[in-house]
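Below is one structure, written out as structure tokens; comments come after it.
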Amino acid sequence: MEIKYLDILIKYPEHDKWKNKGISEDEILLLEYIYNKENPFPKVLKELLTLAGNFCYALDYSVYDSQIEMQQGEHEELLNIHNFIIPRPVFFVCLISHGLPLFLFLDEGHNPPLNQIINNPTLESYYRRTGGTLQGLIESRIQDNLRGYSMF
């Protein structure tokens with residue numbers, strides 16, 4: 000796969016003792032089948048999963064052991080806590096803000112805007128645009144780290 004958006008993960012594949020770990024193409028196809036009605040994911044998400052879908056030192060996948068577990072867990076949390084189901088295809092990418100995960104809508108192009116669940120989500124209002132992209136988030140966190148600052 001040609002890497003267009005997340006080449007920084009190739010340039011900096013590890014931090015201290017932490018090394019990014021991707022998932023297989025078969026796992027990505029299964030995720031597309033489950034979470035995007037068999038449609039291809041945005042390119043930036045496919046790159047993330049290929050390079051760091053099992054572990055990414057610049058993102059927080061929390062305690063989940065797999066992407067399927069993480070996606071199911073976050074959807075279940077929204078349903079159980081807020082009685083809410085996101086009506087569009089989404090993929091959660093970072094859980095650093097407990098209860099306010101970052102996610103991508105899967106129908107907004109190859110490098111879609113990054114979104115965050117808001118407090119007390121409802122069907123009418125459940126997310127905010129962060130003003131950036133997944134690519135920008137990962138790049139800024141790695142650049143902060145290279146300057147000696149915390150990524151988070």
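Taking numbering that gives the first Met the number 0, the leading residue of the sequence shown gets 0, the next gets one more, and so forth.
We treat Cβ as the ideally placed atom computed from N, Cα and C, and that holds for glycine.
Where do the N-terminal and C-terminal ends of the alpha helix (DSSP H) with residue i fall, by residue?
i: glycine 135; result: 133–145
i: isoleucine 67; result: 66–81
Let me know the secondary structure DSSP gives residue i once reduced to three states.
i: tyrosine 34; result: helix
i: glutamate 46; result: helix
i: leucine 94; result: coil
i: leucine 152; result: Limits of the chain in this structure are 0 at one end and 151 at the other, which puts residue 152 out of reach.
i: leucine 29; result: helix
i: glutamate 13; result: strand
Tell me which same chain residues have a C-beta within less than 7 Å of the C-beta of residue i, skipping the five on either side of it?
i: proline 12; result: Lys18 and Asn19
i: glutamate 37; result: Glu31
i: glycine 72; result: Tyr63
Spatial neighbours of residue i within its chain, please: C-beta separation below 6 Å, excluding the five flanking residues on both sides.
i: leucine 99; result: Gln115 and Ile116
i: proline 120; result: His81 and Phe83
i: asparagine 53; result: Lys20 and Ile22
Note the first and the last residue of the continuous beta strand (DSSP E) segment covering residue i.
i: isoleucine 7; result: Run containing isoleucine 7: none in the beta strand (DSSP E); it sits in the alpha helix (DSSP H), 7–10.
i: asparagine 119; result: First-last for asparagine 119: undefined, no H or E at that position.
Once the 5 residues before and after residue i are set aside, which same chain residues still bring their CB inside 8 Å of it?
i: lysine 45; result: Met0, Ile27 and Pro39
Bridge partners for residue i per DSSP, in chain order?
i: phenylalanine 114; result: It is worth fixing the name first, because residue 114 is asparagine in this sequence and not phenylalanine. DSSP, once it has assigned bridges, lists Phe102 and Arg128 as partnering asparagine 114.
i: phenylalanine 54; result: Lys20
i: valine 89; result: Phe104
Does at least one heavy atom of the ligand ATP sit under 7 Å from the Cβ of residue i?
i: valine 62; result: Absence of the ligand ATP is noted for the structure shown, with no ligands found whatsoever.
Checklist entry - When the Cβ atoms of the stretch 80–87 are set against those of the stretch 127–143, are three or more pairs found closer than 8 Å? => result Counting Cβ pairs under 8 Å, fewer than three are found: no touch.
Checklist entry - So, do the stretch 128–148 and the stretch 104–112 have three or more beta carbon pairs nearer to each other than 8 Å? => result When C-beta atoms of the stretch 128–148 are compared with those of the stretch 104–112, three or more pairs fall below 8 Å, so the two segments count as touching.
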